[in-house]
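Numbering (UniProt numbering), first residue to last: 1 to 478.
Glycine is no exception: its CB is placed at the ideal position from the N, C-alpha and C atoms.
Remember, predicted model here, so these are calculated numbers, not experimental data.
Here's the structure we're looking at; comments come further down.
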């Protein structure tokens, strides 16, 4: 049915209240789409329309004139479109979030297969030691497996972007043209939380180095035809090295929201959509209603199950969400043969020889830095200073270093808080200001508050009075 809001009002169609009003026991059978203003379409199905989807074909993965591929199917049978490239904007930044078993890996592998189909240079970093995307190894230009290797891959990709920027500046180019002279390139960074999360156990200098490269690249790489796609299980700030920049920039392209917990679903919905369509959490199984689970709880029976929803996700583009499911892929012998076949149906795509040389040199250099930072060397093993950009052809010399260096004063947030309190007691807002909260690349206010609480629990700081803190080794809080 088509619906329309009264004059002067915006249309709001909350899924659960609407299902209740229509007498629908399973709200997953109710699909809602709006134009973000006053008009909408409500569709009610007898069974879930995404219960069965076919496998991808090579034709699905060919870009149309808008740079889009068919990544899967929408609830109404239309293809779910995913842009790999925007002819007007250039390269894109994408975000995929999903719990284990949500279908995130199949979605990423389908996108990587599409890149190879369309002559795009694929670079992949898998921080889970290569276990998340094993099918990509040997089938892309470069595959970095492991935390140090993933960071080095990011640094090498950044170095190629710097090379392209230097050549573009030397030639007076202000934007990217596909194939003239470079191919489109896309970096996929999977399991990003393993490299950035505060509870990852990794040294802060390493996490800050990775976050700095990624945050800067999301902004600057687009103009030289280099996109980036990050994927993980969470996008809370604490899981992204407290970088609001990374989260904000990642949602500028396509956002794939698979099965995650309800709080993250609400957070992403409020942050990334217009709110006209209610985004509800993707359940684990098709056809299992709350009523059935309640009946099982009442009778003491086992909770019912059904076909898993893997691959089902909210696809959010330009603030508009719709439910979709990626093309089916069957796992055999712990891999996906159909996706491997799609990758190998097209030639492997490489950077140009000068770009490849820049990448290899930078990767070797960055791997040394990454290993040193992971071992606790805050100087990154004596990392070289970054080469100053030069507006000449000599700036494109593949021999110059373009590896982003780790912050020279990279320290944990708790150390920064203690340093701020070295001169005496401060108010909470003064501490936040002293450690750079709210500034570009700085921590969030909540992270500073968490650091203060952790220091208080450790007996290193004390609350003098409401909102005032002091170090316990310098002042008597009584």
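According to DSSP, simplified to helix, strand and coil, what is residue i?
i: residue 105; result: helix
i: residue 323; result: strand
i: residue 221; result: helix
i: residue 363; result: helix
i: residue 216; result: helix
i: residue 409; result: Because the pLDDT of residue 409 is 43, which lies under 50, any placement of that residue in the model is unreliable, and the question is left without a value.
i: residue 8; result: coil
i: residue 121; result: strand
i: residue 334; result: coil
i: residue 57; result: coil
i: residue 73; result: strand
i: residue 525; result: Since the first and last residues shown for the chain are 1 and 478, residue 525 lies out of range.
i: residue 33; result: strand
i: residue 328; result: strand
i: residue 452; result: helix
i: residue 93; result: strand
i: residue 65; result: coil
i: residue 384; result: Because the pLDDT of residue 384 is 41, which lies under 50, any placement of that residue in the model is unreliable, and the number read from its coordinates should be weighed accordingly. Note: residue 384 maps to coil in three-state DSSP.
i: residue 349; result: coil
i: residue 206; result: helix
i: residue 129; result: coil
i: residue 116; result: helix
i: residue 371; result: helix
i: residue 26; result: coil
i: residue 358; result: helix
i: residue 86; result: strand
Tell me where the alpha helix (DSSP H) around residue i begins and ends.
i: residue 162; result: 147-171
i: residue 344; result: 337-344
i: residue 17; result: 15-22
i: residue 12; result: That residue, residue 12, is in no alpha helix (DSSP H); it is neither H nor E in DSSP.
Output the boundary residues of the beta strand (DSSP E) element that contains residue i.
i: residue 229; result: 226-232
i: residue 416; result: Premise fails: residue 416 lies in the alpha helix (DSSP H), 413-420, not in any beta strand (DSSP E).
i: residue 186; result: 185-190
i: residue 196; result: Premise fails: residue 196 lies in the alpha helix (DSSP H), 193-196, not in any beta strand (DSSP E).
i: residue 246; result: Unbroken run through residue 246 is the alpha helix (DSSP H), 244-250; no beta strand (DSSP E).
i: residue 317; result: 312-317
i: residue 202; result: That residue, residue 202, is in no beta strand (DSSP E); it is neither H nor E in DSSP.
i: residue 80; result: 79-83
i: residue 469; result: 468-471
i: residue 463; result: 461-465
i: residue 403; result: That residue, residue 403, is in no beta strand (DSSP E); it is neither H nor E in DSSP.
i: residue 98; result: Counting along the chain, residue 98 falls outside any beta strand (DSSP E), and DSSP gives it neither H nor E.
i: residue 43; result: 39-44
To the nearest angstrom, how far is the alpha carbon of residue i from that of residue j?
i: residue 282; j: residue 27; result: 11 Å
i: residue 72; j: residue 341; result: 17 Å
i: residue 234; j: residue 449; result: 21 Å
i: residue 158; j: residue 404; result: 8 Å
i: residue 189; j: residue 277; result: 29 Å
i: residue 54; j: residue 77; result: 11 Å
i: residue 375; j: residue 150; result: 16 Å
i: residue 285; j: residue 165; result: 47 Å
i: residue 452; j: residue 246; result: 24 Å
i: residue 141; j: residue 257; result: 27 Å
i: residue 261; j: residue 446; result: 21 Å
i: residue 467; j: residue 371; result: 40 Å
i: residue 438; j: residue 42; result: 41 Å
i: residue 3; j: residue 272; result: 24 Å
i: residue 184; j: residue 121; result: 6 Å
i: residue 339; j: residue 329; result: 7 Å
i: residue 35; j: residue 454; result: 46 Å
i: residue 117; j: residue 422; result: 58 Å
i: residue 39; j: residue 8; result: 12 Å
i: residue 193; j: residue 208; result: 13 Å
What's the call for residue i, buried or exposed, on a 16-neighbour Cβ count within 10 Å?
i: residue 363; result: buried
i: residue 96; result: buried
i: residue 75; result: buried
i: residue 297; result: exposed
i: residue 104; result: buried
i: residue 299; result: exposed
i: residue 230; result: buried
i: residue 10; result: exposed
i: residue 471; result: buried
i: residue 153; result: buried
i: residue 312; result: buried
Between residue i and the ligand COA, is the CB less than 7 Å from at least one heavy atom?
i: residue 175; result: The ligand COA is not among the ligands present in this structure, which contains no ligands whatsoever.
Task: Every unbroken alpha helix (DSSP H) inside the region 423-448 [4 residues or more] - done: 428-434
Open item on the list: Quick check for students: name the residue ranges of the alpha helix (DSSP H) that lie wholly in the region 270-299, counting only runs of 4 or more.
Closed with: 290-299
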